[in-house]
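Protein chains in written order, with the numbering used here: chain A, 1 to 336; chain B, 1001 to 1336; chain C, 2001 to 2336; chain D, 3001 to 3336.
Cβ coordinates follow ideal geometry from the N, Cα and C atoms, glycine included.
Here's the structure we're looking at; comments come further down.
Number of protein chains: 4
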Amino acid sequence: MAVHKVALVGAGRMGSLHGRNAAASARLDLVSIADHDPAIAEQLAAETGAQAASFEQILADGAIEAVLVASSTSSHLDNVLAAVCAGKAVFCEKPLSLNADALAAALADIEGTELPVLVGFNRRFDPHLGKLKQRFVAGDIGKAETLHIINHDPAPPNLAFVPRSGGLFKDFTIHDFDTATWLLGEPFVEIFATGACLIEPEVGALGDIDTAKLILRGASGVLCMISNSRRTGYGYDQRVELFGSEGALQVGNVHVANVRQLGVDGGRDEPFLYSFAERYAEAYRTELDHFADVLDGRAAPATGPRDSLRALRIADAAERSMSEAMPVSLAVEDAH
Amino acid sequence: MAVHKVALVGAGRMGSLHGRNAAASARLDLVSIADHDPAIAEQLAAETGAQAASFEQILADGAIEAVLVASSTSSHLDNVLAAVCAGKAVFCEKPLSLNADALAAALADIEGTELPVLVGFNRRFDPHLGKLKQRFVAGDIGKAETLHIINHDPAPPNLAFVPRSGGLFKDFTIHDFDTATWLLGEPFVEIFATGACLIEPEVGALGDIDTAKLILRGASGVLCMISNSRRTGYGYDQRVELFGSEGALQVGNVHVANVRQLGVDGGRDEPFLYSFAERYAEAYRTELDHFADVLDGRAAPATGPRDSLRALRIADAAERSMSEAMPVSLAVEDAH
Amino acid sequence: MAVHKVALVGAGRMGSLHGRNAAASARLDLVSIADHDPAIAEQLAAETGAQAASFEQILADGAIEAVLVASSTSSHLDNVLAAVCAGKAVFCEKPLSLNADALAAALADIEGTELPVLVGFNRRFDPHLGKLKQRFVAGDIGKAETLHIINHDPAPPNLAFVPRSGGLFKDFTIHDFDTATWLLGEPFVEIFATGACLIEPEVGALGDIDTAKLILRGASGVLCMISNSRRTGYGYDQRVELFGSEGALQVGNVHVANVRQLGVDGGRDEPFLYSFAERYAEAYRTELDHFADVLDGRAAPATGPRDSLRALRIADAAERSMSEAMPVSLAVEDAH
Amino acid sequence: MAVHKVALVGAGRMGSLHGRNAAASARLDLVSIADHDPAIAEQLAAETGAQAASFEQILADGAIEAVLVASSTSSHLDNVLAAVCAGKAVFCEKPLSLNADALAAALADIEGTELPVLVGFNRRFDPHLGKLKQRFVAGDIGKAETLHIINHDPAPPNLAFVPRSGGLFKDFTIHDFDTATWLLGEPFVEIFATGACLIEPEVGALGDIDTAKLILRGASGVLCMISNSRRTGYGYDQRVELFGSEGALQVGNVHVANVRQLGVDGGRDEPFLYSFAERYAEAYRTELDHFADVLDGRAAPATGPRDSLRALRIADAAERSMSEAMPVSLAVEDAH
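Quick look at the structure:
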């Protein structure tokens, strides 16, 4: 099996995660790392055995087959376009863009290159969710009637990140929109969203919310409830429950270790894994492994720009629903 | 401790349940049972050691201290009024009425008698929910931010019952409205409700729904999600989860027995208790025990006509929200 | 269905438990209570609506159909013999005797009266263990290979009780001997027992142990491990696990309430029920209900003097195994 | 950090597992693989990017710093001796030998080289057991009183393996002996072992057992129960429970995925991981990572030849206890 030379753009939190996974993969050879802050690029390069480089050098390097884009969200789309235009396959951390119209406009250009672009909706590669979907598709619980998603973060984000995050729905709930669409295998036709700033007043002062509840209706009539919170007090709370005509399937939280302590105040399990980095560590590795399959030509990207656009359109509708305090219809055609 | 002579009005499903509990109680003496079908009254009377009687005889019997009202819903309010006017204390199965305005109009008459009227919101007497509330009130999870209630029935109701049920919100969700208000200890100010007929088309043909999702907002900003379904395929699914600023509290389902079987297809717990009658068996007994406390003069009714009216107003608002497809404000004053 | 007049002998801890259950039963009428301390008898009589009486008065009262024996262990056998000789059916708290030879000698006398004698091995009436046995008998896990019993008390017994308890094996492990025999449906042929005083040195000073591990071998080759401890630090730990050729069945502990709290230190369930009185509350009620069936002539006693003798013989062998530090054979014939 | 060149001796089941882990490690460079069957060595070499070689070539290759010994058990000790005499550090799959006296005799030679020898008791590197030990050492449950280990294999071993396995105690229970000693941090002073052939008569025909129960007593008085079975019908059953003076700690089984299905027959979790290869996959990787630490000079081997000898002495005593049907004392001095 060929080893694919790849470069990384963006050496921050997500870039470091993907860069380390690429360096540890036997199927990828991380050769270059670019960041607008060269010191950060050099530090990660030293750690992973890669070279710091400029994005232009990466694009010009014919030996580099693919680019991992993990720069700041606002530059994702430009970087992806530049990479495919330079003939590189792309793995891009989600979201591809915060602007649905801009993304829709760029779709033709991206797809025109016929180069594979994988968008990092990491949950699609989680083994637990994958098993749930597998059982659902196998008919174990009959026809889907209701989907519940709990997506609660352990603690509010760094306040400096909030203004450029795109807001809760585009930054955070977007994972749920993609997960729900993927699990159910059908588009949503209507959404109602409501939210509040219950946790961190500074988040509200920046115009964002930290708590949200949403109800979506799918094309088949299936109903979906999503709960978001930016604080739990007990680690990462990520649960999915799919109710069907013949039963239900649940994915629960994952504990730090499979240890239980019995004491005077009851039985106590270890805490949940603290954040997405731990909870989805395996999913991130599997995601890159899937990207290697894509580079091998053995698989099409499991999630691409159109999935990203679909989730973004739902996030836009959620914002409108919340601001107008009414349900909003989703134009199913938009996403296809 | 005095033993209180009580009579039962209505010997159907709920009447039999309450009648048997009253007969088994050492604090109540079930002496008379009335039903519009005398044969049913006589059968339950024979089983419980009581006498069949007419409602008029019961009202006229000065030895009878209290009346348990478990007749058909449409007669609840009239029976309660007649009983208190005859000087009897009353335990009335929920809902007191399906018509909020009629109930509001009758409130003064009921309260004018100064006789205690306990309304049977059985969940308030469930030991598991009671423990959750106790821990919440003790501050174990800080300030409430979100409440999730799953209330899924094992199987759709008898179709003959649907037209006189008052509809899903007044018949079924009303328990959730009361539970949520009781647990949070604050009124709701807004509701959004949506529903569908996904399970039993006949229910839809009768103008009702069998699946619903609701979002409520409390006076403090707390958000509440309610999920209703008339079918599970796996017994009675009744879960409550309260998320606070410092943690969460969960009440799960109760299994038929605490037995786990390990086999080639995994570990399997016993099924959940099948329906409300099993799940809340202890709550129904505790409820009557509380009624004996009320008759002893040692307690005020834990839930009375005003709680019933409050829940009914929320159910009315839920219907309006669903039919108008928009959030509806709740007039907090109405209920007090 | 007839209501059976019964009397209680012994108004201590176990006597109060059985007396209250008898008083609350619709099928039994507790009329008299005797205790060597009349004040205690009178107190329980006042609480339960019975009369204090002497044991002689009870035996002479032709209206009394049955006697519940819950006096001190050393008087069990004499009281049972006196009761059956007076023509009364008997329910006797376990153990019938601490002396196997004395019990064996009395067997003919007891059985000669042809009066039913039920011995209170309460676990046989536990719904969870009953469900495990039902599933095993139904063949759900194939042929039994191994049985594990954990029987750990929350805290050491009152030291004053230790000298008259008969020692750990006759007082405590005897439940496990009966449970194991009942669940497996076969006699044991060999036992190895070892113990230690690890918890309370005073127990050791009194010649007893507080911790024990035992291995038994059944007639079919099945192996059984029993673990005993007089202290947990976390309530009553009572678990049974039966491993078969096609799977396993487990009965776990029962929690105070079905509530889970999520916090910074992990997920925490409510404590286990604290002691046998709570854990087996339902079993004790069912046991008396079964005794009412016996009095109705609808059932033979589920556990009788021969079961008591069998368990006692095993306890004797356990003592010998521990003192001689070697396995001891069990004469299967003895018990039949 | 230096990358250490290592060679592998033995390319069978365990050799493949370690070889693949070494090849995937960024800290080890697997350069050579020897097996008495060159075809097997070449196949694994091709897969891992190593070269097939003879053991002699490996010993003679000065560039090779360490040898991973995963040949057949009977050759472990000779291979280890040869490797250390050739100046190589060694990682050896357990057991180092099936003959305690031979191992004791070789100890001086091995230790005389002052080269590190790590013995593969994989469970010491399991994160769940590690967390249990960490909590115990931190004092979370007070003083240890009882340790229970369940070690049940999913299915009997290949019959061809049985005669050269050393028997159940040396092949299988030896893990439990090491785990118990490691967790408790104290030596055992007495053992009682009993066993049977309940599962596979062919195992008995070969002079081995497939089911065993053991009781050990530690120097502090702590009691340890071990249960072994060669069949579960439901995957790998590996549980450890440590009871202390102030509570208990439990390590449970690990499921294939964190998915639960609710259906008419109850709630069902995914099966347990099927065998040691899946259950301890992470432990095997951590073990090699620890070996890299040893090669870096940053750690002493966590388990060495003396631990192997200690466990082997206990296994010998278990065999004697079973054959003589009596407890056997363990000479604590032997192991130190």
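Open item on the list: What residue range does the beta strand (DSSP E) around B:D1101 cover?
Closed with: Unbroken run through B:D1101 is the alpha helix (DSSP H), A1100 to G1112; no beta strand (DSSP E).
Task: Where D:V3003 sits in the DSSP three-state scheme - done: DSSP places D:V3003 in coil when its eight states are reduced to three.
Task: Beta carbon proximity, B:G1247 to chain C, threshold 9 Å - done: At least one chain C Cβ lies under 9 Å of B:G1247.
TODO: Select from the stretch 254 to 281 of chain A all residues with a C-beta closer than 7 Å to any C-beta belonging to chain C, and list them in chain order.
DONE: L262, G263, V264, D265, G266, G267, R268, D269, E270 and P271
Open item on the list: Quick check: B:P1265 and D:R3268, are their CB atoms within less than 9 Å of each other?
Closed with: For clarity, residue 1265 of chain B is Asp in the given sequence; the question names Pro instead. Closer than 9 Å, so yes.
TODO: Please confirm if the stretch 1324 to 1333 of chain B is in contact with the stretch 2012 to 2024 of chain C, defined as three or more CB-CB distances below 8 Å between the two stretches.
DONE: no
- [ ] Classify B:D1269 as helix, strand or coil using the three-state DSSP reduction.
- [x] Reduced to three states, the DSSP call for B:D1269 is strand.
Task: Whole-angstrom C-beta distance between D:N3228 and D:Q3238, which should lie under 8 Å - done: Contact doesn't hold; Cβ gap of about 11 Å is too wide.
Task: Within 7 Å of chain C by C-beta, residues of the stretch 1127 to 1138 of chain B in sequence order - done: P1127, H1128, K1131, L1132 and R1135
Open item on the list: Pop quiz: D:F3136 and D:L3249 are said to be a contact at Cβ under 8 Å. What is the actual Cβ separation, rounded to whole angstroms?
Closed with: 6 Å
Open item on the list: Between B:S1323 and chain A, is the shortest Cβ-Cβ distance under 9 Å, so that the two count as touching?
Closed with: no
Open item on the list: Please tell me whether A:G235 and B:E1246 are closer than 9 Å, where the distance is taken between their beta carbons.
Closed with: no
Task: Spatial distance of A:G263 from A:H255 (CA atoms) - done: 19 Å
- [ ] List the endpoints of the continuous alpha helix (DSSP H) containing A:F55.
- [x] F55 to A60
Open item on the list: Just checking: is the beta-carbon of D:E3237 within a distance shorter than 9 Å of some beta-carbon in chain C?
Closed with: The question names Glu, yet the displayed sequence has Asp at residue 3237 of chain D. Cβ-Cβ to chain C under 9 Å: yes for D:D3237.
Open item on the list: Against C:G2337, what residues of chain B qualify as contacts under a CB-to-CB distance less than 7 Å, listed in chain order?
Closed with: Missing from the structure shown is residue 2337 of chain C; chain C here goes from 2001 to 2336 and no further.
TODO: State buried or exposed for B:D1171, treating a residue as buried only when at least 16 other CB atoms are found within 10 Å of its CB.
DONE: Burial call: buried.
Open item on the list: Under 8 Å, with one C-beta from each stretch per pair, do the stretch 3201 to 3220 of chain D and the stretch 3179 to 3190 of chain D reach the 3-pair mark?
Closed with: yes
Task: C:C2085 (DSSP reduced to helix, strand or coil) - done: It is helical.
TODO: Could you have a look at D:D3293 and say whether DSSP puts it in helix, strand or coil?
DONE: In this structure, D:D3293 counts as helix in the three-state DSSP scheme.
Task: At least 3 beta-carbon pairs within less than 8 Å: the stretch 2061 to 2071 of chain C vs the stretch 2005 to 2019 of chain C - done: The stretch 2061 to 2071 of chain C, when compared against the stretch 2005 to 2019 of chain C, does touch it at the 8 Å Cβ threshold.
TODO: Determine, using beta carbons only, whether D:G3233 comes closer than 9 Å to chain B.
DONE: With 9 Å as the cut-off, D:G3233 counts as an interface residue toward chain B.
TODO: Please name the residue in A:L17, A:K143 and A:R231 whose C-alpha comes closest to that of A:H152.
DONE: A:R231
Open item on the list: Would A:L77 and A:S97 qualify as a contact pair, given that the criterion is a beta-carbon distance under 9 Å?
Closed with: yes
Task: Cβ pair D:L3118, D:V3006 closer than 9 Å - done: no
Open item on the list: Going by C-alpha to C-alpha distance, which of C:E2065, C:T2211, C:A2106 and C:D2109 sits closest to C:P2091?
Closed with: Note that residue 2091 of chain C is Phe in the sequence shown here, rather than Pro. Out of C:E2065, C:T2211, C:A2106 and C:D2109, C:E2065 has the C-alpha closest to the C-alpha of C:F2091.
TODO: Measuring only between beta-carbons, confirm whether C:T2173 sits less than 9 Å from chain D.
DONE: no
Open item on the list: So that I know if they touch, is there some Cβ in chain C lying closer than 9 Å to that of D:T3194?
Closed with: yes
Task: Residue nearest to A:G338 in terms of C-alpha spacing, selected from A:K131, A:G142, A:A34 and A:A311 - done: No statement about residue 338 of chain A is possible, as the shown extent of chain A runs from 1 to 336 and does not include it.
Task: Listed by chain order, chain B residues near C:A2026 by CB distance under 7 Å - done: A1024
Open item on the list: One question on the structure: do C:T2146 and D:T3211 come within less than 9 Å of each other, judged by their Cβ atoms?
Closed with: yes
- [ ] Verify the CB distance criterion: does A:P327 have a CB-CB separation below 9 Å to chain B?
- [x] True, the Cβ-Cβ gap to chain B drops below 9 Å.
Task: Residue(s) in a DSSP beta bridge with C:S2329 - done: C:E2190
Task: Residue-level contact to chain A via CB, D:I3209, 9 Å cutoff - done: no
- [ ] Have a look at A:A104 and A:L17 and give me their C-alpha separation to the nearest angstrom.
- [x] 28 Å
Task: Limits of the alpha helix (DSSP H) - the one that B:S1308 falls within - done: P1305 to E1324
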